[in-house]
Structure formats: C-alpha cells, structure tokens
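Heads up: the sequence lines are chains A and B, in that order. For the first sequence, my numbering assigns the number 1 to the initial residue and increments by one for each residue that follows. For the second sequence, my numbering assigns the number 197 to the initial residue and increments by one for each residue that follows. Everything on this sheet refers to the single structure shown next.
Protein chains: 2
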Amino acid sequence: MNIKYPNGKKVSNNKITHINSRGMLFESELNIANEYYRTNNLAIIYKKPTPIQVVKVSYPERSKAKIVEAYYKTPSTTDYNGIYKTKYIDFEAKQTDNASFSFKHIFAHQIIHLKKIDEQGGIAFVIIYFKILNQVFIIDIKDFYREYTNNLHDGPKSIKACNITNIGGVEVLLNKLPIVDYLKAVDSLYFNQKSK
Amino acid sequence: MNIKYPNGKKVSNNKITHINSRGMLFESELNIANEYYRTNNLAIIYKKPTPIQVVKVSYPERSKAKIVEAYYKTPSTTDYNGIYKTKYIDFEAKQTDNASFSFKHIFAHQIIHLKKIDEQGGIAFVIIYFKILNQVFIIDIKDFYREYTNNLHDGPKSIKACNITNIGGVEVLLNKLPIVDYLKAVDSLYFNQKSK
Numbered sequence: 001m002n003i004k005y006p007n008g009k010k011v012s013n014n015k016i017t018h019i020n021s022r023g024m025l026f027e028s029e030l031n032i033a034n035e036y037y038r039t040n041n042l043a044i045i046y047k048k049p050t051p052i053q054v055v056k057v058s059y060p061e062r063s064k065a066k067i068v069e070a071y072y073k074t075p076s077t078t079d080y081n082g083i084y085k086t087k088y089i090d091f092e093a094k095q096t097d098n099a100s101f102s103f104k105h106i107f108a109h110q111i112i113h114l115k116k117i118d119e120q121g122g123i124a125f126v127i128i129y130f131k132i133l134n135q136v137f138i139i140d141i142k143d144f145y146r147e148y149t150n151n152l153h154d155g156p157k158s159i160k161a162c163n164i165t166n167i168g169g170v171e172v173l174l175n176k177l178p179i180v181d182y183l184k185a186v187d188s189l190y191f192n193q194k195s196k
Numbered sequence: 197m198n199i200k201y202p203n204g205k206k207v208s209n210n211k212i213t214h215i216n217s218r219g220m221l222f223e224s225e226l227n228i229a230n231e232y233y234r235t236n237n238l239a240i241i242y243k244k245p246t247p248i249q250v251v252k253v254s255y256p257e258r259s260k261a262k263i264v265e266a267y268y269k270t271p272s273t274t275d276y277n278g279i280y281k282t283k284y285i286d287f288e289a290k291q292t293d294n295a296s297f298s299f300k301h302i303f304a305h306q307i308i309h310l311k312k313i314d315e316q317g318g319i320a321f322v323i324i325y326f327k328i329l330n331q332v333f334i335i336d337i338k339d340f341y342r343e344y345t346n347n348l349h350d351g352p353k354s355i356k357a358c359n360i361t362n363i364g365g366v367e368v369l370l371n372k373l374p375i376v377d378y379l380k381a382v383d384s385l386y387f388n389q390k391s392k
C-alpha cells in the first residue's frame, strides 16, 4: 500500500468522519482504529516503523543528527503486530483500486512470515481494502496461503472481493468510530463471536 | 542503547565468537539470537525498525526514492516484540557502562507500554547488558515498575546489577550460540523452567 504518512503523523478526526468518493486513507484508518483499541484497553497493536537504510548522517547541530542520505527498505515482516485477548496478532494491510486483489502485490516472504506466526499459535491474517467497492475483508493466513499456492500452480492470479467469504474470509463492516473496526471481524474469525 | 547498525546489517559470526575486552555488541547479539530462534522455529521475534521522520525525498532515478532529509524519532514503544510459546513477548534492551542501570536511560512511555502488555497477558520485560561486568539480566516489568516507582518517590535512582536477582530478575547466562540465549531466562521467569 502507499505510504501516505511515513512520519506516523496522526490525521485529525474531522478529516475522516465520512468516506468520500476518493475512498478513505486506509492506513490512517487502521492507525485510528489501533489508537482507539489502545485507549480503551481492548488491544495493543502498532504499525511498525517503515524500515529505512541510513547511508549518511550529518551533524549541523550537536544535538540533532540529520540524515542526508537514506533509502526505503523492503520490510522483513508485516505492517502491524501486537496483542489482543492475550494472543499475539500479526497482519499485513493492503489496498487495491480493483475489485480483486492480485497476488503480485504481496511479498512471498510476508506470506511465509504470517504462515510461521500461525504455526506458532498466533493470529495471522491479511486485511484488504477494495477502494472501488468500499469494502474491507480479513482473510486468515491459512486460507490466503491456500489460494496463493493455487496461484503458483496456475490457479487464479488474484482473489476476487466477491469470493472472499466463500474461501473463509470475513468482511469488516465499516463503523463510525473507528471506521475500520476490524477486531469485530477478528472476533468472528478467531474467537467464534458473531460479527455485528 | 546506541544504534550501531541502523541498516539492520547482519554481523558475520566470526566477529562475535568471543566477547573481547571492549564488550560485545549487544544489539547485534540480540539480533543473532533472534535469527537463531527463528531458524529453529523456537520463537519469532524481530527488532522493530528505528523510527525515522522523513522530511524530504528526491527522485534522482525513477526507480528509487532517495531520502535527503530525515531525523531519528523517539520510538513509541519498545525495541523487540514477537511470539514465543504461543505468547506475545515484548521487551526493551538496554546497555550500560556502569555496574548499575540508571532509570534516566529508559523512557517513561516505554515502561508504561510494557506495563500495559503485562496487563493484557503478554510477556514484558527489560533486558540489560552491564558491559563492565559482562552480565546480562532480564527483569519482568512488574518488578521493574516497582523499582521505577520507588525511584520517583525518592528511592534509589538506579538498579544495581548485584541486586537484580533479589528484586525478581534473572541472569541470562552467556552461551556459545547464541551468546545471549535470553529465552532460557524467559523460560525460568515465565514458564517455571530451570535456567541452566
């Protein structure tokens, strides 16, 4: 997904009270949801900082190092992790302009990372925002991995939004605050609680 | 702790087969330990990227964005987190040149973060390397928090290495590979298993 706020700057609430025709800023919405969950002691989930390779630093003032040459790096893992209902939770967030999600938009090593989290007993999924449909879904890594593997064996190269619930995914029903109240879908998928 | 490898570069093993008189590179040793744990499917724990505020990016080539002005930011949380024995694990790593650890070397918001992780049912601790003694200890956040709170009420301003086991901490006995095999101390502290 596009990195809209590499400095982690918080978006003021009035900017996002409704979803306009250009779609919401998905990453910002996830950050707002996480902040809401933390404030209410529901979960402690953070976006990891964007990994940056620092090449050159100058010291114009003694107190503050200024980075003058650096590059964005490929993340080793996923965007988000933390703790929810005593469980380790880890997910990758993606958005697409289409009504289907192409597997070329996710790194193989991120899928493997999520698979390993699942094997260790953690909650691991991919959350996808389909901008054109204004729909968000979460797909458990086991389901996602099965589809991904099919794709490597000449199966479909993407996951269609309209097919996600058939392959085991759950829709994140958009709420008021937070808009992307994804823990409700997590409850439904991992804690056998109805998503309302 | 000092950021010796902001680019996350791996240190080759032959550099660290023994701890020389200048002490080990603690962060590198923790990264090596985590890599060992991941390779052996014992735990999935990563160091989070150093948070950097990007101010200016230039595009000398179409393919690669070059960051030309950026600054190190204060981390929101801690250095390391992940999953171990199905549990969420989160810790802050510190090193000191003295035989005691001064509370001024840890941010209050990091202590609060670890306290919240503990309240959510996760494993949360501080790991400290006392360079001069060549000793490493882990202190559960509950014990650390108690000492920290005493310090705010005119108690001792630091934790002495020689006193850590008395306040509930556990020594990480230095091993061959990985040298800082801290999960043994975690077993002893959180899973009632003898540290050997």
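Even for Gly, the Cβ is constructed at its ideal location relative to N, Cα and C.
Contact belief for residue i with residue j at Cβ below 8 Å, rounded distance in angstroms
i: residue 333 (chain B); j: residue 365 (chain B); result: 5 Å
i: residue 278 (chain B); j: residue 242 (chain B); result: 6 Å
i: residue 67 (chain A); j: residue 263 (chain B); result: 7 Å
i: residue 268 (chain B); j: residue 246 (chain B); result: 7 Å
Residue i (DSSP reduced to helix, strand or coil)
i: residue 211 (chain A); result: It is not possible to answer for residue 211 (chain A), since the shown part of chain A is limited to 1 through 196.
i: residue 266 (chain B); result: strand
i: residue 336 (chain B); result: strand
i: residue 117 (chain A); result: helix
i: residue 80 (chain A); result: strand
i: residue 99 (chain A); result: coil
i: residue 325 (chain B); result: strand
i: residue 176 (chain A); result: coil
i: residue 217 (chain B); result: Unreliable placement is indicated for residue 217 (chain B), whose pLDDT of 43 sits below 50; the coordinate value is still reported in the next sentence. Correct three-state label for residue 217 (chain B): coil.
i: residue 112 (chain A); result: helix
i: residue 215 (chain A); result: This structure cannot speak to residue 215 (chain A), because chain A is shown only from 1 to 196.
i: residue 193 (chain A); result: coil
Proximal residues to residue i (C-beta, below 6 Å), its chain only, five neighbours per side dropped
i: residue 32 (chain A); result: 178
i: residue 313 (chain B); result: 286 and 320
i: residue 48 (chain A); result: none
i: residue 280 (chain B); result: 239
i: residue 5 (chain A); result: Note that residue 5 (chain A) scores 38 on pLDDT, short of 50, meaning its location in the model is unreliable and no value can be drawn from it.
i: residue 11 (chain A); result: At residue 11 (chain A) the pLDDT is 36, less than 50, meaning the model places this residue with poor confidence; the figure from the coordinates comes in the next sentence. Correct list, in chain order: 28.
i: residue 284 (chain B); result: 318
i: residue 340 (chain B); result: 322
i: residue 234 (chain B); result: 240
i: residue 252 (chain B); result: 264 and 265
Extent of the continuous alpha helix (DSSP H) run through residue i
i: residue 229 (chain B); result: 222-235
i: residue 94 (chain A); result: Premise fails: residue 94 (chain A) lies in the beta strand (DSSP E), 87-96, not in any alpha helix (DSSP H).
Sequence-distant residues of its chain with Cβ nearer than 7 Å to residue i (five each side left out)
i: residue 102 (chain A); result: 157 and 158
i: residue 204 (chain B); result: Since pLDDT at residue 204 (chain B) reaches only 39, below the 50 mark, its modelled position is unreliable, and no value is offered.
i: residue 338 (chain B); result: 314
i: residue 26 (chain A); result: 1, 93, 95 and 129
i: residue 54 (chain A); result: 67 and 70
i: residue 160 (chain A); result: 99 and 100
Close-in-space but distant-in-sequence residues of the same chain around residue i (CB under 8 Å, 5 per side omitted)
i: residue 182 (chain A); result: 30, 33, 127, 136, 138 and 172
i: residue 146 (chain A); result: 167
i: residue 21 (chain A); result: Reliability fails at residue 21 (chain A), whose pLDDT of 43 lies under 50, so the model's placement of it is uncertain and the value that follows must be treated cautiously. So the list is empty, once near-sequence residues are dropped.
i: residue 60 (chain A); result: 66
i: residue 163 (chain A); result: none
i: residue 104 (chain A); result: 157
i: residue 236 (chain B); result: none
i: residue 191 (chain A); result: 85
Segment limits, beta strand (DSSP E) that includes residue i
i: residue 243 (chain B); result: 239-243
i: residue 382 (chain B); result: Here residue 382 (chain B) belongs to no beta strand (DSSP E); instead the alpha helix (DSSP H) covers 378-386.
i: residue 160 (chain A); result: 158-160
i: residue 53 (chain A); result: 52-58
Contact check, residue i vs residue j, beta carbons under 8 Å
i: residue 114 (chain A); j: residue 149 (chain A); result: no
i: residue 52 (chain A); j: residue 65 (chain A); result: no
i: residue 348 (chain B); j: residue 295 (chain B); result: no
i: residue 316 (chain B); j: residue 86 (chain A); result: yes
i: residue 131 (chain A); j: residue 97 (chain A); result: yes
i: residue 174 (chain A); j: residue 140 (chain A); result: no
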